[in-house]
Amino acid sequence: MSLKPAVSKTDHTQGKKDADIVIVEYGDYQCPYCGAAYPILKEMMKKYGTQVEFVFRNFPLSEMHQYARPAAIVAEAAALQGKFWEMHDAIYENQEYLSENFLLELAEKLELDPHQFNTDIKKLELASKIDSDFESGVMSGVNGTPSLFVNGTKFNGGPQDLLQLISEITK
Amino acid sequence: MLQKNDVAPDFTLFATPDQKITLSEFRGKNVILAFYPADWSPVCSDQMALYNEMLKYFKKYDAEIFGISVDSKWCHMAFSQSRNLHFPLLSDFEAKGETSKKYGVYNTIEGECNRALFVIDKNGIIQWSYLSPMAVNPGADAILEALENL
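Chains as they are written, first to last, in numbering that gives the first Met the number 0: chain A, 0 to 170; chain B, 0 to 149.
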């Protein structure tokens, strides 16, 4: 199963640009398994961020998780103000408090420009960015969240296995 | 297990406690059958949750999807409500596994359906089928590809 389309400029990335090792996560902000993966992936990037690039794509299971899509929209709106990862992290670090109000509080806490934020969250472009992430996930063989890809190939282990793999190949 | 170009055997199964669905009533539409082992088990839940998000994509191909397992209609109802599913789960409950046996995807050791997918065209002919390992959620990419190829 391979990643379609490949990582591009429209993706949210962190770590080393154009690294030899590129990890892509398809995630849902309300998914408990993604919540459990978050600190492990965070640790991975802390340790190996100079050698690894990490990409996050949206895969909200909106019917099962009512705040997954609103959270994705808020994170994309934060991205328009250069604060995608701050919002991404803040949501996963506070996953148990997720609600629409809480997301608005986070926007305030991250000092997003309120006028721009309120306009952006209604933009069609944000909704279609999330849809196109979701569609790319389906076409790449994502079957649940989190789904991880290493250099474009689906990784069939958990985040802990990934951390182990990265620690071995960066030696 | 039935393969491409086999005629899809007809069946009538409970979709809700008081409503039955007959496959042949869907002639003129494409149909996806997703046989799965059991309600509530984690992999199935992911699989059904994924299809639940995909309904608008299936609609584009004029396709209806039905989940099928040997669970009872009441079990399906509770499962469906808890996952907020918007497509029917059919109950292959009495005689147990009769429909899955017709499709060649009944697991006699576990007494459950295997995890198997069928794409049936508008004339009731199977155009694609796939048997997934029990513990692996097969995702939806291959279903979309099969629909694309119809």
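No residue lacks a Cβ here, since even glycine has one placed at the ideal position from N, Cα and C.
- Find out if the Cβ-Cβ distance for the pair aspartate 38 of chain B, phenylalanine 78 of chain B is shorter than 7 Å. For the purposes of this step, residue 38 of chain B is taken as the residue at position 39 of the second sequence. For the purposes of this step, residue 78 of chain B is taken as the residue at position 79 of the second sequence. It is a contact, given that the beta carbons lie within the stated cut-off.
- Message: Is the beta carbon of phenylalanine 58 of chain A closer than 7 Å to that of tyrosine 25 of chain A?
- Response: Your numbering for residue 25 of chain A matches position 26 in the first sequence. Your numbering for residue 58 of chain A matches position 59 in the first sequence. Yes.
- Which residue comes first and which comes last in the beta strand (DSSP E) that contains asparagine 100 of chain A? Position 101 of the first sequence, counted from the start, is the residue given in the question as residue 100 of chain A. First-last for asparagine 100 of chain A: 99 to 108, but that is the alpha helix (DSSP H), not the beta strand (DSSP E).
- With which residues is glutamine 65 of chain A paired in a DSSP beta bridge? By one-based count along the first sequence, residue 65 of chain A stands at place 66. Paired residues: none, contrary to the question.
- How many Å lie between serine 90 of chain B and cysteine 112 of chain B at the Cα? In the second sequence, counting from the first residue as 1, residue 90 of chain B sits at position 91. In the second sequence, counting from the first residue as 1, residue 112 of chain B sits at position 113. Cα to Cα, the separation comes out at about 11 Å.
- Item | Contact list for the region 126 to 141 of chain B against chain A, Cβ threshold 9 Å | Val135, Asn136, Pro137, Gly138, Ala139, Asp140 and Ala141
- Task: Using a threshold of 7 Å, state whether the C-beta atoms of isoleucine 39 of chain A and proline 113 of chain A are closer than that.
- Result: Position 40 of the first sequence, counted from the start, is the residue given in the question as residue 39 of chain A. Position 114 of the first sequence, counted from the start, is the residue given in the question as residue 113 of chain A. No, the Cβ-Cβ distance between isoleucine 39 of chain A and proline 113 of chain A is not below 7 Å.
- Can you round the beta-carbon distance between aspartate 119 of chain A and leucine 125 of chain A to whole angstroms, since I take them to be within the 8 Å contact cut? The count along the first sequence starts at 1 and reaches residue 119 of chain A at position 120. The count along the first sequence starts at 1 and reaches residue 125 of chain A at position 126. So it is a contact: roughly 7 Å between Cβ atoms.
- Hey, is glutamate 62 of chain A's beta-carbon within less than 7 Å of any beta-carbon in chain B? Here residue 62 of chain A refers to the residue found at position 63 when the first sequence is read from its first residue. For glutamate 62 of chain A, the answer is yes, since a Cβ of chain B falls inside 7 Å of its Cβ.
- Could you tell me which uninterrupted beta strand (DSSP E) segments, each at least 3 residues in length, are contained entirely in the region 135 to 160 of chain A, listed from first to last along the chain? 146 to 149 and 152 to 154
- Taking 7 Å as the cut-off, decide whether the C-beta atoms of glutamate 62 of chain A and asparagine 136 of chain B are in contact. Taking the first residue of the first sequence as 1, we reach residue 62 of chain A at position 63. Taking the first residue of the second sequence as 1, we reach residue 136 of chain B at position 137. Not a contact, by the Cβ cut-off of 7 Å.
- First and last residue of the uninterrupted alpha helix (DSSP H) at leucine 88 of chain B: Translated into the one-based positions of the second sequence, residue 88 of chain B becomes position 89. Unbroken run through leucine 88 of chain B is the beta strand (DSSP E), 88 to 90; no alpha helix (DSSP H).
- Message: Classify glutamine 80 of chain B: buried if its beta carbon has 16 or more other beta carbons within 10 angstroms, exposed otherwise.
- Response: Counting from 1 along the second sequence, the entry for residue 80 of chain B is found at position 81. Counting other Cβ atoms within 10 Å of its Cβ, glutamine 80 of chain B stays below 16 and is therefore classed as exposed.
- Task: State yes or no: is the beta carbon of alanine 48 of chain B nearer than 7 Å to at least one beta carbon in chain A?
- Result: Taking the second sequence and counting its residues from 1, one reaches residue 48 of chain B at position 49. True, the Cβ-Cβ gap to chain A drops below 7 Å.
- Task: Could you tell me whether the Cβ of aspartate 61 of chain B comes closer than 7 Å to any Cβ of chain A?
- Result: Here the question's residue 61 of chain B lines up with position 62 in the second sequence. For aspartate 61 of chain B, the answer is no, since every Cβ of chain A falls outside 7 Å of its Cβ.
- Message: Just to confirm my understanding: we take lysine 153 of chain A, look at its own chain, exclude 5 residues before and 5 after, and list those with CB closer than 6 Å. What are they?
- Response: Position 154 of the first sequence, counting from 1, holds the residue named residue 153 of chain A. Excluding positions up to five away in sequence, the list reads Met0 and Gly140.
- Residues within the region 18 to 44 of chain A neighbouring chain B, beta-carbon criterion of under 7 Å: none
- Message: Against glycine 140 of chain A, what residues of chain B qualify as contacts under a CB-to-CB distance less than 7 Å, listed in chain order?
- Response: Along the first sequence, one-based indexing puts residue 140 of chain A at 141. Under the 7 Å cutoff, chain B gives Gly138 and Asp140.
- Residues that methionine 76 of chain B contacts on chain D, provided the C-beta gap is smaller than 9 Å: This model lacks chain D altogether, as its protein chains are A and B.
- Message: Am I right that asparagine 29 of chain B and lysine 121 of chain B are in contact with their C-beta atoms under 8 Å? What's the rounded C-beta distance?
- Response: Here residue 29 of chain B refers to the residue found at position 30 of the second sequence. Here residue 121 of chain B refers to the residue found at position 122 of the second sequence. Here asparagine 29 of chain B really is in contact with lysine 121 of chain B; their C-beta atoms are around 6 Å apart, less than 8 Å.
- To the nearest angstrom, how far is it from the Cα of glycine 81 of chain A to the Cα of methionine 53 of chain B? Taking the first residue of the first sequence as position 1, residue 81 of chain A is located at position 82. Taking the first residue of the second sequence as position 1, residue 53 of chain B is located at position 54. So the two alpha carbons sit approximately 31 Å from each other.
- Throw me the rounded Cβ distance for the aspartate 27 of chain A and threonine 144 of chain A pair, which I believe falls under 8 Å. For the purposes of this step, residue 27 of chain A is taken as the residue at position 28 of the first sequence. For the purposes of this step, residue 144 of chain A is taken as the residue at position 145 of the first sequence. Contact holds; Cβ gap of about 4 Å.
- Among B/Tyr102, B/Leu49 and B/Phe34, which one has its Cα closest to the Cα of aspartate 70 of chain B? For the purposes of this step, residue 70 of chain B is identified with residue 71 of the second sequence, where counting begins at 1. Ranking the options by Cα distance to aspartate 70 of chain B, first place goes to B/Phe34.
- Residue range of the alpha helix (DSSP H) that threonine 118 of chain A falls in? Along the first sequence, one-based indexing puts residue 118 of chain A at 119. 113 to 119 is the span of the alpha helix (DSSP H), which, as asked, contains threonine 118 of chain A.
- Task: Would you tell me roughly how many angstroms separate the C-alpha atoms of glycine 151 of chain A and isoleucine 22 of chain A, rounded to the nearest one?
- Result: Here residue 151 of chain A refers to the residue found at position 152 of the first sequence. Here residue 22 of chain A refers to the residue found at position 23 of the first sequence. If you take the alpha carbons of glycine 151 of chain A and isoleucine 22 of chain A, they lie about 8 Å apart.
- Message: Please confirm whether leucine 137 of chain A has its beta-carbon closer than 7 Å to some beta-carbon of chain B.
- Response: Position 138 of the first sequence, counted from the first residue, corresponds to residue 137 of chain A. The question names leucine, but residue 137 of chain A in the sequence shown is valine. Yes, contact with chain B.
- Item | phenylalanine 10 of chain B in three-state terms, based on DSSP | Within the second sequence, residue 10 of chain B is the residue found at index 11, counting from 1. Coil at phenylalanine 10 of chain B, not helix or strand.
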